[in-house]
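A short write-up of the structure that comes next.
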Amino acid sequence: MTLPSTHDVALAAERRTAARLLLAHPLVASDGAHADLFPLIRRHADWLGKRFQQVLGYRLLVDSSFARLFKAGLGAGSGHRLERSTGTPFTPHTYACLALALSVLVTAPEQMLLSHMVADIRAAAADAGIELEETGRAAGKRTLVAALRQLVEWGVLIETEGQVAAIAQEAGGEALITVDRELARVVVAGPLAQSRDGADLVRQAADPGFSGPRTYVRRMLVETPVVHLDELTDAERDWLRTRQRREAQAFSELLGLEMEIRAEGVALVDPEDELTDLHLPGTGTVAQAALLLVERLVERLRPQEPGHPATGGKLVIGVAVPDGLVDEVLIELIAEYGQRSNWQRGYLDDLPAMREAVLDLLVRMRLMAHAGRLRAEGEGLPEGYAEEAPEGRTVTDVHDARPGGDGGWVLLAAAARYATLVAVRPAANARQGTDVQEELPL
Numbered sequence: 485m486t487l488p489s490t491h492d493v494a495l496a497a498e499r500r501t502a503a504r505l506l507l508a509h510p511l512v513a514s515d516g517a518h519a520d521l522f523p524l525i526r527r528h529a530d531w532l533g534k535r536f537q538q539v540l541g542y543r544l545l546v547d548s549s550f551a552r553l554f555k556a557g558l559g560a561g562s563g564h565r566l567e568r569s570t571g572t573p574f575t576p577h578t579y580a581c582l583a584l585a586l587s588v589l590v591t592a593p594e595q596m597l598l599s600h601m602v603a604d605i606r607a608a609a610a611d612a613g614i615e616l617e618e619t620g621r622a623a624g625k626r627t628l629v630a631a632l633r634q635l636v637e638w639g640v641l642i643e644t645e646g647q648v649a650a651i652a653q654e655a656g657g658e659a660l661i662t663v664d665r666e667l668a669r670v671v672v673a674g675p676l677a678q679s680r681d682g683a684d685l686v687r688q689a690a691d692p693g694f695s696g697p698r699t700y701v702r703r704m705l706v707e708t709p710v711v712h713l714d715e716l717t718d719a720e721r722d723w724l725r726t727r728q729r730r731e732a733q734a735f736s737e738l739l740g741l742e743m744e745i746r747a748e749g750v751a752l753v754d755p756e757d758e759l760t761d762l763h764l765p766g767t768g769t770v771a772q773a774a775l776l777l778v779e780r781l782v783e784r785l786r787p788q789e790p791g792h793p794a795t796g797g798k799l800v801i802g803v804a805v806p807d808g809l810v811d812e813v814l815i816e817l818i819a820e821y822g823q824r825s826n827w828q829r830g831y832l833d834d835l836p837a838m839r840e841a842v843l844d845l846l847v848r849m850r851l852m853a854h855a856g857r858l859r860a861e862g863e864g865l866p867e868g869y870a871e872e873a874p875e876g877r878t879v880t881d882v883h884d885a886r887p888g889g890d891g892g893w894v895l896l897a898a899a900a901r902y903a904t905l906v907a908v909r910p911a912a913n914a915r916q917g918t919d920v921q922e923e924l925p926l
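Each position in the sequence shown, counted from 1, maps to that position plus 484 in this note's numbering.
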């Protein structure tokens, strides 16, 4: 076997670096936060464009001043959400402000006063029948500021003199803003012209097109923390199980990701821990509480004899969480760790807020979920989508692999990797009769 040359190794490393950057930051400006790596994207633009199209069905546009990877969605509830600087998620009203701002910026002059921009946005809102004020004038201004700050972060707006936050000043501050119309035009990736409404836009964006199961599964793998088998149709499970080793090699070469294959599903793991916006373990009250909660839930709810249909067993992808157990465990954790770990006072004094934030993180990490219909049962499929496996092919049976029905919480199989197992082994250099305890990840 011929070993790759030094040039080939360096070329592959450059392409992998550029691909990872685009996957994590689909809009890269030549003068933005990742300006130092922008030349790599331009140098390998043709190769990157072909690979993203072949592997994920994503379109790549590379201009002299920016690169835009047009990602497709995964359906309702699976999007990457935007957040304010405080970490608070964008509300539907904030997204409306963002969309209204983009609608006027695509034809705006190169420079304009902030007050004129706000006036144009309000006019667009009136035309669309949208009320910009949320719960009061001050709240409405802060919401608009959050949307405009996001555009500043993307490079669509440049604060030439003053800042967009001047909107929220009581006296009504002013600023001079420079607009990058080209960037404004490429922010929205979905098929706007072909969509009837917002729900139709999400549905059409998630349609993998003619490549069907192959493209959708690959997108799920790279865009979500873990893919459980019952989140896939029969055709998608068939495709994944027959090609997962080959796919593991392809994702390693393209993005430097390692595939972890389990009976319950598959996950792509990033050894560099860069290609994610979610971190567990992580810092802060919510991340710490979430890790401790999921560990204790696994200890209490772990199924005794999980198996696999191929060996005559029953596949367990999720177990029901009894009503009240989450609150019970959180109360225990607050008592044990709240004060000594300096958890945020607001969460210590507000159990519902703590529960909501912790469960939100665990749902986004795909460690817990609401009980309900799944993709394996036909939920959320595009019209005309082929969901059956090829004739004569047997796929893993996921029927009743997790609790069904609406309402209630489900602890998912991937949560077990965040639990710990205490093992006792003889101490190599300790005196006779002394054992050592160690914690091992499952």
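Just so it is clear, CB atoms sit at the ideal spot from N, CA and C, and this is done for glycine as well.
Computed from a prediction, not measured in an experiment: that's the story for all the values here.
Please confirm whether residue i and residue j have their CB atoms less than 8 angstroms apart.
i: Leu713; j: Thr880; result: yes
i: Val750; j: Gln728; result: yes
i: Val546; j: Arg568; result: no
i: Arg857; j: Leu896; result: no
i: Val607; j: Val629; result: This sequence places Ala at residue 607; Val is not what is there. Their beta carbons are not under 8 angstroms apart, which means Ala607 does not touch Val629 by this criterion.
i: Leu845; j: Ala771; result: yes
i: Ala766; j: Glu756; result: Reading the sequence as shown, one finds Gly at residue 766 and not Ala. Going by C-beta atoms, Gly766 is not nearer than 8 angstroms to Glu756.
i: Ala529; j: Val686; result: no
i: Leu716; j: Arg859; result: yes
i: Val590; j: Ala668; result: yes
i: Arg780; j: Val813; result: yes
i: Ala690; j: Pro866; result: yes
i: Gly889; j: Ala855; result: yes
i: Leu785; j: Tyr902; result: no
i: Gly639; j: Leu598; result: no
i: Arg504; j: Glu758; result: yes
i: Val444; j: Trp893; result: With the chain covering only 485 through 926, there is no way to say anything about residue 444.
i: Ala650; j: Glu637; result: no
i: Leu524; j: Ala502; result: yes
i: Leu635; j: Gly624; result: no
Mark residue i as exposed unless 16 or more other C-beta atoms lie within 10 angstroms of its C-beta, in which case mark it buried.
i: Leu582; result: buried
i: Lys555; result: buried
i: Leu676; result: exposed
i: Leu584; result: buried
i: Gly541; result: buried
i: Val493; result: exposed
i: Ile661; result: buried
i: Arg429; result: There is no way to answer for residue 429, as the model of the chain reaches only from 485 to 926.
i: Gly733; result: The sequence shown places Gln at residue 733, rather than the Gly named in the question. That one is exposed.
i: Gly557; result: buried
i: Gly620; result: In this predicted model, Gly620 has a pLDDT of only 49, less than 50, meaning its place in the structure is not dependable; the value taken from the coordinates is given anyway. So Gly620 ends up on the exposed side.
i: Asp664; result: buried
i: Pro593; result: exposed
i: Arg552; result: buried
i: Asp722; result: buried
i: Ile467; result: Residue coverage of the chain in this structure runs from 485 to 926, which leaves residue 467 outside it and unanswerable.
i: Ala773; result: buried
Tell me whether residue i sits in a helix, a strand or coil according to DSSP, three-state version.
i: His883; result: coil
i: Ala855; result: coil
i: Ala914; result: Because the pLDDT of Ala914 is 42, which lies under 50, any placement of that residue in the model is unreliable, and the question is left without a value.
i: Gln733; result: helix
i: Val590; result: coil
i: Trp827; result: coil
i: Tyr869; result: coil
i: Leu584; result: helix
i: Gly864; result: coil
i: Glu834; result: Residue 834 is actually Asp in this sequence, not Glu. Three-state DSSP puts Asp834 in coil, outside helix and strand.
i: Ala610; result: helix
i: Gly822; result: helix
i: Asp718; result: helix
i: Gly891; result: coil
i: Arg504; result: helix
i: Arg877; result: coil
i: Leu616; result: coil
i: Met601; result: helix
i: Ala494; result: helix
i: Arg850; result: coil
i: Ala903; result: coil
Quick one: what's residue i bridged to in DSSP?
i: Met596; result: Ile661
i: Val711; result: Val750
i: Leu896; result: Gly802
Counting only runs that start and end within the segment 632-697, where is the alpha helix (DSSP H) found for 4 or more residues in a row?
-> 665-670 and 682-689
Only counting runs of 3 or more residues, tell me where the beta strand (DSSP E) segments fall wholly within the segment 737-813, in order along the chain.
-> 742-745, 749-753 and 802-805
Length at least 4, wholly inside the segment 506-578: the alpha helix (DSSP H) runs in chain order = 522-527 and 529-540
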